[in-house]
Amino acid sequence: MPETRKTDDISTSSGASGAPAPPTPVAPSPPSRRQKKPWIPFVVLYVVLVLGAAMFLVPFVWMVVTSLKTTDRVMIYPPEWLPKQTYFYYQSPTGRIAIDPPLVDNDKGKATIRMPGAETTTKVPSSTISKEVRVAPKWSNYPDTWKEVPFALFTKNTLTLALLVVLGVTISSSIVAFGFARIPFPGREALFMLMLSTMMLPGIVTLIPGYMLFRELGWLDSLKPLWVPAFFGGGAFNVFLLRQFFRTIPVELDEAAKMDGASWGQIYWRILMPLTGPATTTVALFSFIGAWKDFMGPLIFINSLEKQTLELGLQTFQTLYGTHWEMMMAGAVIVVLPLIVIFFLGQKVFIQGIVMTGLKG
C-alpha cells in the first residue's frame with residue numbers, strides 16, 4: 439500500500455500542474471551526405487572542349503613541325519608528326535664517315551659521294567653507303583628564311599604601322615565613344631545607329647574610292663593609306679565597345695567634375711579615360727592584331743619591296759621559294775608568333791574588357 443500511494447502522489451502532482459511533461463530529448467541524426475552531382479555531363483563537356491581545342495591547335499602544330507623538317511621529308515606519306523632527318527654514312531676502311539646525300543646508280547652498284555672537306559667527288563660501291571633516320575629538328579630553317587628576304591625590314595615596317603594604327607584607333611574611337619555615351623545632343627541615337635550600320639558594308643565597297651583618293655593625295659606606295667584613316671573615327675566596332683564601357687561608369691562622376699568647373703575635355707581625359715583600362719587595352723589588342731595581319735591593304739597600296747609588311751613579304755617569299763614548304767612554314771611561324779605572345783600576355787585584361795563592356799546596355 440505505501441508504494442501504491444507514492445505512485446498516486448506522483449501522478450497527482452504532475453496532473454495538478456496543468457503542464458504536459460517535457461518531451462524526451464532525441465539525439466540529433468547524423469548529417470546527410472550531399473547528393474553527388476552527375477559527372478557524366480562534365481566529362482562530355484570536357485571531351486567536347488578538348489576536341490574543339492585540338493581541332494584549332496592541329497594546324498598550328500603541323501605548321502611548327504613542318505618548319506623544322508628537311509625538304510625531302512615534308513611530303514612523305516604517311517605524314518610524320520615529329521621532325522626527322524636522314525643521315526648518310528660511308529663505311530670506309532678506317533671507320534664510318536658522315537657524308538652528304540650521295541648519288542646512287544643502282545644499275546652499276548656505284549655511288550658518287552663527296553668526302554668531308556674534299557672539293558671533288560668519289561665513286562664508291564653503293565653497298566658501303568648506309569643511312570639512318572632520326573628525330574632531329576632542323577632549326578637552321580629559321581635563320582635561313584630570315585636571310586632569304588629582308589624579314590627584319592618587313593618586321594620594322596609592320597611594327598611601325600601597327601603602333602601608329604593602335605595610337606590612332608585608341609584616341610579617335612575613345613573620343614567618338616565619349617561623345618555618344620556622355621554628351622547629349624539632338625539626333626545622338628540616330629547617328630549612333632547610322633554609325634553601327636556601316637559595319638554591314640564590306641570593305642571592298644570603299645576600296646576603289648579610297649584608292650582614288652589616296653592616289654590624288656600622292657600617298658600610293660607608302661604606309662600613309664594604312665595608318666592615317668585610323669585617326670578618323672577608329673572603326674564602328676571599337677566605338678561601340680568603348681561606348682558600352684563608358685555607360686557602365688556612373689554619371690555622378692561627370693556631375694561632380696562639372697561642379698568643380700571641369701570641361702567635357704577634362705572629364706574625358708582626367709575622369710573617364712583612367713577608368714577605361716580594360717576596354718582600351720582590348721581595343722588596342724584588336725587594332726594591333728588587325729594591322730599586323732593585314733594583307734589586302736599593303737597589297738593594294740604598296741609596290742616597292744623596302745616598304746612591304748610581313749604579310750606581303752611572306753607572299754613575296756612564297757613567290758621566290760614556293761617549293762620549299764619547310765621554309766614557308768618557318769616564315770609563317772615568324773609572322774604569327776608575335777601575335778600569340780601578345781595575346782597571352784594581355785589575355786586577362788582582354789577578357790576583362792570584353793566582359794565588362796556587356797554589363798550595361
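Per our numbering, residue 439 is the first one in the sequence shown, and the count goes up by one each step.
We put the beta carbon where it would ideally sit given N, CA and C, even for glycine.
- Starting from proline 539 and walking both ways along the beta strand (DSSP E), at which residues does that stretch end? By one-based count along the sequence shown, residue 539 stands at place 101. Note, proline 539: premise wrong, no beta strand (DSSP E); not H, not E.
- Message: With H, G and I counted as helix, E and B as strand and the rest as coil, what does DSSP make of tyrosine 527?
- Response: Locating residue 527 in the sequence shown gives position 89, counting from the first residue. Strand at tyrosine 527.
- Item | Spatial neighbours of leucine 750 in its chain, beta-carbon cut-off 7 Å, leaving aside the 5 residues before and after | Taking the first residue of the sequence shown as 1, we reach residue 750 at position 312. Phe733, Pro736, Leu737 and Ile740.
- Put glutamate 586 into one of helix, strand or coil per three-state DSSP. Reading the sequence shown from its first residue, position 148 is the one you call residue 586. DSSP places glutamate 586 in helix when its eight states are reduced to three.
- Message: Using 8 Å as the cut-off, can you tell me whether the segment 658-675 makes contact with the segment 597-614, which would need three or more C-beta pairs spanning the two stretches below that distance?
- Response: Cβ pair count under 8 Å is three or more, so yes.
- Query: Per DSSP, what kind of secondary structure is serine 565 in: helix, strand or coil?
  - Reply: Indexing the sequence shown from 1 puts residue 565 at position 127. DSSP places serine 565 in helix when its eight states are reduced to three.
- Message: Between the alpha carbons of arginine 620 and glutamate 693, how many angstroms are there, rounded?
- Response: In the sequence shown, residue 620 corresponds to position 182, counting from 1. In the sequence shown, residue 693 corresponds to position 255, counting from 1. Approximately 11 Å, taken between the alpha carbons.
- List the endpoints of the continuous alpha helix (DSSP H) containing threonine 757. Taking the sequence shown and counting its residues from 1, one reaches residue 757 at position 319. Its alpha helix (DSSP H) spans residues 748-759.
- Through-space distance from phenylalanine 781 to threonine 761, alpha-carbon basis: By one-based count along the sequence shown, residue 761 stands at place 323. By one-based count along the sequence shown, residue 781 stands at place 343. C-alpha separation (whole angstroms): 32 Å.
- Item | Residues near phenylalanine 726 in its chain [Cβ-Cβ closer than 6 Å; skip 5 each side] | If you number the sequence shown from 1, residue 726 lands on position 288. Correct list, in chain order: Ala600 and Val604.
- Query: For valine 571, which beta-bridge partners are listed by DSSP?
  - Reply: Counting from one through the sequence shown, the residue named residue 571 turns up at place 133. Valine 571 pairs with Thr524.
- Which term fits alanine 706, buried or exposed, when burial requires 16 or more other beta carbons within 10 angstroms of its beta carbon? In the sequence shown, the residue the question calls residue 706 occupies position 268. Note that residue 706 corresponds to tyrosine in the displayed sequence, not to alanine. Taking all protein chains shown into account, tyrosine 706 has 16 or more neighbouring C-beta atoms within 10 Å of its C-beta and is therefore buried.
- Does DSSP classify arginine 534 as helix, strand or coil? For this step, residue 534 is matched to residue 96 along the sequence shown. Arginine 534 sits in a strand when the DSSP states are folded into three classes.
- Item | Where the alpha helix (DSSP H) through asparagine 676 begins and ends | By one-based count along the sequence shown, residue 676 stands at place 238. Following the DSSP letters along the chain, one finds asparagine 676 inside the alpha helix (DSSP H) bounded by residues 674-684.
- Message: Excluding the 5 residues flanking leucine 520 on each side, which residues of the same chain have their C-beta closer than 8 Å to its C-beta?
- Response: Position 82 of the sequence shown holds residue 520. Around leucine 520: Val503 and Val573.
- Task: Hey, could you find the ends of the alpha helix (DSSP H) glycine 715 is sitting in?
- Result: Stepping through the sequence shown from its first residue, residue 715 is reached at position 277. That run of the alpha helix (DSSP H) goes 715-730.
- Task: Could you spell out where the alpha helix (DSSP H) holding leucine 743 opens and where it closes?
- Result: Residue numbering aside, residue 743 sits at position 305 when the sequence shown is read from its first letter. No alpha helix (DSSP H) contains leucine 743, which DSSP labels as neither H nor E.
- Task: Give the straight-line distance between the Cα atoms of lysine 585 and valine 774, rounded to the nearest whole angstrom.
- Result: Position 147 of the sequence shown holds residue 585. Position 336 of the sequence shown holds residue 774. For lysine 585 and valine 774, the distance between alpha carbons rounds to 18 Å.
- Selection from Gly490, Ser611, Phe589 and Leu679 that minimises the alpha carbon distance to threonine 747: For the purposes of this step, residue 747 is taken as residue 309 along the sequence shown, with counting starting at 1. Comparing Cα-Cα distances from threonine 747 to each of Gly490, Ser611, Phe589 and Leu679, the minimum goes to Phe589.
- Would you kindly report the start and end of the unbroken alpha helix (DSSP H) that includes tyrosine 706? Residue mapping note: residue 706 aligns to position 268 of the sequence shown, counting from 1. That residue, tyrosine 706, is in no alpha helix (DSSP H); it is neither H nor E in DSSP.
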